[in-house]
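A short worksheet on the structure shown next.
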Amino acid sequence: MNRAHGLLAAMDGSQIPYRAWGKAEAQSCLVLLHGGGPYSRWYETMGNALARLGVAVLAFDQRGFGETAGRRGDVARFSLYLDDCAIALSAATARWPDASLSLVGHSFGALVALRYCLDRMKRRGPAPAALLLIAPWIKDTLRLSARLVAAALVDSLIRPTKAYDVPLSVYDTADVSNDAALAECDRDPLCVHKLTARWYFATRRAKVGLMRQVRRLSLPVLQIEGTADTLIDADTNRRLFENIGSRRKRFVMMDGVYHDAQLQRDVSPVAGVMADFLEACEAQGAM
14 MNRAHGLLAA MDGSQIPYRA WGKAEAQSCL VLLHGGGPYS RWYETMGNAL
64 ARLGVAVLAF DQRGFGETAG RRGDVARFSL YLDDCAIALS AATARWPDAS
114 LSLVGHSFGA LVALRYCLDR MKRRGPAPAA LLLIAPWIKD TLRLSARLVA
164 AALVDSLIRP TKAYDVPLSV YDTADVSNDA ALAECDRDPL CVHKLTARWY
214 FATRRAKVGL MRQVRRLSLP VLQIEGTADT LIDADTNRRL FENIGSRRKR
264 FVMMDGVYHD AQLQRDVSPV AGVMADFLEA CEAQGAM
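Heads up, the sequence shown is in my numbering, so the first residue is 14 and it goes up one at a time.
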């Protein structure tokens, strides 16, 4: 099985660290957008599981995360995430030219994936054949005080790079039976534990109108949720799925799957659902 770790050139000249898994002759490939903490390194088990099922994967570190340069947990503007997504999709097409190309986003990455498919694809970037969402971060269950949110709003205007602690860790969002991996992930200095006021409000703005706008989506969509996910507001994500306009969509609730599905002790069930969906799309001629 082929594995790669390298750099892509972003539209603004920045470097985009990436990891890739899968055979050169793969017939299906995914660009993977990570969530708001662990970066591409922590999706290796998932990438390998998908590669064994014939799905090649390219995962890259989004700005402010992982091995990217610059301030941790920060982005100058949300549109940079969409630019980088377009670059990664183009790179995946070049790497696996005979494979159908799809996009998968996890948590915060699912927000980026949705915004890309709504705002950017076809006009300034490749169009994925299908969109896969894992626990999309639209509304969470964290109870932030009004005073804290107001302070962060002020900071986003006058001290935009002021950083705030993320009020949870992978021990709150992942499979606690996978304790060795969680301990290593929690110690990883490249995992983000603080987010800037600017980043927080950039992502909040990206959610404005989203529940209505997803009615415009027409590509096949898979949405995976987990019964053990206590971070995401389940009712909101169910409404998100119901609002998606695509006629070819599937909602899967997976028993015992946590928010950080990539850190499950056994990722094969989640990988299997993803691979099966892509295979079904190909069989139906959607890809």
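Using N, Cα and C, we set each Cβ at its ideal position, and we do this for glycine too.
As assigned by DSSP and simplified to three states, the class of residue i
{"i": "Phe91", "result": "coil"}
{"i": "Lys70", "result": "Per the sequence shown, the amino acid found at residue 70 is Val instead of Lys. Val70 falls in the strand class under three-state DSSP."}
{"i": "Ala101", "result": "helix"}
{"i": "Thr209", "result": "strand"}
{"i": "Tyr31", "result": "strand"}
{"i": "Met266", "result": "strand"}
{"i": "Arg16", "result": "strand"}
{"i": "Leu244", "result": "coil"}
{"i": "Tyr52", "result": "coil"}
{"i": "Val286", "result": "helix"}
{"i": "Val280", "result": "coil"}
{"i": "Phe254", "result": "helix"}
{"i": "Tyr129", "result": "helix"}
{"i": "Asp301", "result": "In the structure as shown, the chain starts at 14 and stops at 300, and residue 301 therefore has no counterpart that could be examined."}
{"i": "Arg65", "result": "helix"}
{"i": "Met59", "result": "helix"}
{"i": "Thr81", "result": "coil"}
Rounded separation between residue i and residue j - CA only
{"i": "Leu170", "j": "Arg211", "result": "8 Å"}
{"i": "Arg137", "j": "Ala99", "result": "7 Å"}
{"i": "Arg32", "j": "Ala107", "result": "15 Å"}
{"i": "Ala187", "j": "Met134", "result": "32 Å"}
{"i": "Leu144", "j": "Lys262", "result": "9 Å"}
{"i": "Thr174", "j": "Arg278", "result": "35 Å"}
{"i": "Arg54", "j": "Gly258", "result": "33 Å"}
{"i": "Arg160", "j": "Ala176", "result": "16 Å"}
{"i": "Asp50", "j": "Arg260", "result": "It should be pointed out that residue 50 corresponds to Gly in this sequence rather than to Asp. Their Cα atoms are separated by approximately 33 Å."}
{"i": "Ala140", "j": "Ala17", "result": "24 Å"}
{"i": "Gly3", "j": "Gln75", "result": "Outside the shown range of the chain, which is 14 to 300, sits residue 3, and nothing can be said about it."}
{"i": "Ser281", "j": "Phe73", "result": "21 Å"}
{"i": "Asn15", "j": "Tyr56", "result": "15 Å"}
{"i": "Ala69", "j": "Asp192", "result": "28 Å"}
{"i": "Ala241", "j": "Phe264", "result": "16 Å"}
CB of residue i within 9 Å of CB of residue j, strictly
{"i": "Cys204", "j": "Tyr94", "result": "no"}
{"i": "Phe214", "j": "Leu166", "result": "yes"}
{"i": "Leu127", "j": "Ala104", "result": "no"}
{"i": "Val179", "j": "Ile147", "result": "no"}
{"i": "Arg228", "j": "Asn250", "result": "no"}
{"i": "Ala293", "j": "Gly67", "result": "no"}
{"i": "Glu295", "j": "Ser113", "result": "yes"}
{"i": "Leu131", "j": "Gln236", "result": "no"}
{"i": "Val286", "j": "Ala219", "result": "no"}
{"i": "Ile29", "j": "Ala101", "result": "yes"}
{"i": "Asp87", "j": "Met24", "result": "no"}
{"i": "Leu276", "j": "Ala194", "result": "yes"}
{"i": "Glu38", "j": "Asp153", "result": "no"}
DSSP bridge partner residues for residue i (one or two, in chain order)
{"i": "Ser113", "result": "Ser41"}
{"i": "Glu238", "result": "Met266"}
{"i": "Ala22", "result": "Gln28"}
{"i": "His349", "result": "As shown, the chain starts at 14 and ends at 300. That puts residue 349 outside it, with no answer to give."}
{"i": "Leu46", "result": "Phe73, Gly118"}
Quick one: complete alpha helix (DSSP H) runs, 4+ long, within the region 144-232?
-> 159-171, 183-186, 192-200, 210-220, 223-226
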